[in-house]
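Quick notes on the structure that follows.
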Amino acid sequence: MSKKKMSTKAKIQLTVFLVIYTTVGLLNAKLMTAPPSEALKNISNRWIVQFGPANAWYYRINPMTVIMSFVVIMVILAFARSVHKEFSLIPNRKQAFAESLMDFLYEIVESSVPNEKYARTVFKISMTLFIYIAVSNLIGGFIPGISADVSIAENGARTVKFVLFSDTWFSPTGDLNTNLTYAVMVFIISQYFAIKTKGVKGWLKGFLEPVAFMLPMNIVGELAKPFSHAMRLFGNITGGGILVLVISYLVKYMFLPPFLWAFFGIFSGLIQAFVFSTLAIAYMSSQIEG
Numbered sequence: 109m110s111k112k113k114m115s116t117k118a119k120i121q122l123t124v125f126l127v128i129y130t131t132v133g134l135l136n137a138k139l140m141t142a143p144p145s146e147a148l149k150n151i152s153n154r155w156i157v158q159f160g161p162a163n164a165w166y167y168r169i170n171p172m173t174v175i176m177s178f179v180v181i182m183v184i185l186a187f188a189r190s191v192h193k194e195f196s197l198i199p200n201r202k203q204a205f206a207e208s209l210m211d212f213l214y215e216i217v218e219s220s221v222p223n224e225k226y227a228r229t230v231f232k233i234s235m236t237l238f239i240y241i242a243v244s245n246l247i248g249g250f251i252p253g254i255s256a257d258v259s260i261a262e263n264g265a266r267t268v269k270f271v272l273f274s275d276t277w278f279s280p281t282g283d284l285n286t287n288l289t290y291a292v293m294v295f296i297i298s299q300y301f302a303i304k305t306k307g308v309k310g311w312l313k314g315f316l317e318p319v320a321f322m323l324p325m326n327i328v329g330e331l332a333k334p335f336s337h338a339m340r341l342f343g344n345i346t347g348g349g350i351l352v353l354v355i356s357y358l359v360k361y362m363f364l365p366p367f368l369w370a371f372f373g374i375f376s377g378l379i380q381a382f383v384f385s386t387l388a389i390a391y392m393s394s395q396i397e398g
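Okay, here's the thing in structure tokens:
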């Protein structure tokens with residue numbers, strides 16, 4: 109069998125990439141002279157804007173979360189529009205990819221929720237969560253971009269400096285508020301399904317099973333679900349991002365970072381999106397069929 113040769117265009121693109129990447133790496137090696145403890149001291153700080161009283165946490169927002177959430181939504185809408193625009197009975201690659209992805213997740217939902225009346229609703233919720241989280245993780249874990257370096261003064265004032273290509277784009281799933289919002293949403297929808305299928309009396313009776321004295325444990329177990337759901341995603345995305353940033357700085361962004369970005373952005377990011385959505389399916393199906 110003859111081996112497929114790389115095209116001239118691909119060779120030129122690869123050469124240009126290697127030249128630019130090596131040049132940037134050499135510049136970083138020369139310019140990045142600060143010790144890691146100094147350069148990465150603001151790694152855990154976030155850009156927070158306070159709209160109301162200083163101590164009111166519910167008046168605070170992270171502008172990067174809001175901005176990047178809109179970016180993620182725009183990317184998803186642009187892809188959906190392109191698929192819809194070119195929709196045909198003989199699917200192209202984009203349409204085939206979208207249909208395969210939806211078929212794969214719908215099979216999981218169908219096996220967990222046999223009741224067709226609820227299966228379609230559960231599928232729409234879980235599919236939306238998967239797409240949003242997957243795109244967020246890909247943008248925030250794989251594509252280098254603008255990051256916010258936030259320093260906090262002794263009086264609590266925050267100074268924001270934007271840095272280009274020293275880190276990936278900020279991922280909305282790196283903000284616990286985002287993950288907790290979706291986890292609480294899944295929790296509320298699950299309880300709604302339970303009330304709708306079992307009735308209020310049957311739903312309340314479920315907290316007394318298998319025996320009445322398990323009531324406190326059952327309540328704690330239900331309330332713990334959204335927190336564990338949110339913390340699992342937050343810990344993996346934030347921890348992976350910090351690990352990549354620290355290692356990237358130590359090696360001056362030469363050679364190793366692309367492989368780390370690929371692992372945490374593509375592999376780990378997609379896995380975490382899948383885990384979050386399948387857990388959402390499991391929580392909702394347990395209330396419907398339980």
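Whatever position you read off the sequence shown (first residue = 1), add 108 for the numbering used here. Ideal Cβ placement from N, Cα and C applies to all residues, glycine included. Just so we're clear, the structure is a prediction, and the values are computed from it rather than from any experiment.
Does the beta-carbon of residue i, which I'm using as the reference point, lie nearer than 7 Å to any heavy atom of the ligand FAD?
| i | result |
| --- | --- |
| Ala206 | You won't find the ligand FAD in this model; it holds no ligand whatsoever. |
Are there 16 or more other CB atoms within 10 angstroms of the CB of residue i, so buried, or fewer, so exposed?
| i | result |
| --- | --- |
| Asn200 | exposed |
| Val271 | exposed |
| Asp283 | buried |
| Val294 | buried |
| Met109 | Unreliable placement is indicated for Met109, whose pLDDT of 46 sits below 50; no coordinate value is reported for it. |
| Leu316 | exposed |
| Leu122 | exposed |
| Asn163 | exposed |
| Gly348 | buried |
| Thr286 | buried |
| Ile120 | exposed |
| Thr173 | buried |
| Ile128 | exposed |
| Phe342 | buried |
| Ile296 | exposed |
| Asn170 | buried |
| Met176 | buried |
With a Cβ-Cβ cutoff of 8 Å, do residue i and residue j count as a contact?
| i | j | result |
| --- | --- | --- |
| Val183 | Pro280 | no |
| Thr305 | Ile396 | yes |
| Pro334 | Leu387 | no |
| Phe212 | Gln203 | no |
| Ala338 | Ala261 | no |
Write down the C-beta distance between residue i and residue j rounded to the nearest angstrom, noting that I regard them as a contact closer than 8 Å.
| i | j | result |
| --- | --- | --- |
| Val243 | Val230 | About 21 Å; that fails the 8 Å criterion. |
| Phe238 | Ser385 | 4 Å |
| Phe301 | Tyr226 | 6 Å |
| Asn153 | Ser259 | 7 Å |
| Gln158 | Tyr166 | About 11 Å separates the two Cβ atoms, so there is no contact after all. |
| Val217 | Ile389 | 6 Å |
| Trp155 | Val268 | 5 Å |
| Ser298 | Met235 | Ser298 to Met235, Cβ: 17 Å. No contact. |
Tell me the DSSP secondary structure of residue i in three-state form.
| i | result |
| --- | --- |
| Ile396 | helix |
| Gly310 | helix |
| Gly160 | coil |
| Phe384 | helix |
| Arg168 | strand |
| Ile254 | strand |
| Leu126 | helix |
| Ser259 | strand |
| Ile270 | It should be noted that the sequence gives Phe, not Ile, for residue 270. The answer is strand: DSSP assigns Phe270 an E or B state. |
| Ile198 | coil |
| Ala265 | coil |
| Glu317 | coil |
| Arg340 | helix |
| Asn153 | coil |
| Pro324 | helix |
| Gly221 | This sequence places Val at residue 221; Gly is not what is there. It is coil, neither helix nor strand. |
| Lys211 | Checking the displayed sequence, the identity of residue 211 turns out to be Asp instead of Lys. The answer is helix: DSSP assigns Asp211 an H, G or I state. |
| Ser279 | coil |
| Ala115 | The displayed chain sequence assigns Ser, not Ala, to residue 115. Correct three-state label for Ser115: coil. |
TODO: Decide yes or no for the touch test of the region 245-264 against the region 277-292: beta carbon pairs closer than 8 Å, at least 3 of them.
DONE: yes
Open item on the list: Across the region 338-355 and the region 309-325, are there enough close Cβ pairs to call them in contact, namely three or more that are closer than 8 Å?
Closed with: no
TODO: Take every Cβ of the region 321-337, pair it with every Cβ of the region 372-382, and state whether three or more of those distances are shorter than 8 Å.
DONE: no
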